[in-house]
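The structure appears right after this line, and notes come after that.
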Amino acid sequence: MKRFLISVLLVVLSSCNKDKVVTNNQYLQNVSFSKEINTNLPAYNALTFPSNPLLITDAGAGIQGIIVMKAGSGNDYRAWEASCPNQYPVPCSRLSISGLNAVCTCDNFSYSIYTGLGGQKYGMKQYRVEVLGEIIRVYN
3 MKRFLISVLL
13 VVLSSCNKDK
23 VVTNNQYLQN
33 VSFSKEINTN
43 LPAYNALTFP
53 SNPLLITDAG
63 AGIQGIIVMK
73 AGSGNDYRAW
83 EASCPNQYPV
93 PCSRLSISGL
103 NAVCTCDNFS
113 YSIYTGLGGQ
123 KYGMKQYRVE
133 VLGEIIRVYN
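Using my numbering, you'd call the opening residue of the sequence shown number 3 and step up by one each time.
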């Protein structure tokens with residue numbers, strides 16, 4: 003009986019994941035990066051207000067850029083890959099922002115910037131966010 007309980011406990015513990023970030027997408031590779039965004043700069047000041055998504059296409063920020071948005075009060079930020087999640091990166095596969103949605107210009111699929119979901123096989127690729135005062139760090 004003890005062996006059974008230990009086995010069950012090991013299975014449960016090994017299946018736990020401290021992250022809600024799902025990065026297993028056959029179309030988008032996992033790139034390692036870290037982008038610091040200073041919200042004191044005019045280009046990024048909109049990120050201090052909720053529901054103002056911003057597309058950042060600086061070199062080294064994701065695959066084709068990142069979309070960052072303050073989702074609520076405090077330090078509730080979301081960051082997503084700016085590549086269409088259901089196709090390989092090509093010139094038309096960079097997402098564009100339309101209100102609170104990200105739209106793939108290749109196929110016009112739309113994804114919520116709040117949830118990353120869009121009714122397709124893969125949702126938007128989410129990145130981790132850390133807020134340190136006026137600096138927002140987006141990384142993978």
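For glycine and all other residues, C-beta sits at the position ideal for the given N, C-alpha and C. None of the values given here were measured: they were computed from a predicted structure.
Annotation: A63 to S75 spans about 25 Å, alpha carbon to alpha carbon. For V33, no beta strand (DSSP E) segment is defined, and its DSSP state is neither H nor E. Cβ-Cβ separation between V105 and S114: approximately 11 Å, too far for a contact (criterion under 8 Å). Around the beta-carbon of N26, fewer than 16 other beta-carbon atoms lie within 10 Å, marking it exposed. DSSP places Y46 in the helix class (H, G or I) of the three-state scheme. Within the same chain, Cβ atoms closer than 8 Å to the Cβ of L49 are found at I39, T41, L56, V70, M71, K72, Y79, I138, the five residues on either side in sequence being excluded. The beta carbon of Y129 is closer than 6 Å to those of A81, V140, N142 in its chain, skipping five residues each way along the sequence. If only complete runs of 4 or more residues are kept, the region 72–111 shows no alpha helix (DSSP H) anywhere.
Pairing L119 with G101, the inter-Cα distance amounts to about 15 Å. Beta-bridge partners of N40 (DSSP): I137. Its Cα nearest to that of V33, the residue E83 stands out among E83, E136, S95. Taking the C-beta atoms as reference points, G125 is found nearer than 8 Å to P87. Within the model, the alpha-carbon separation for D60 versus G67 is close to 7 Å.
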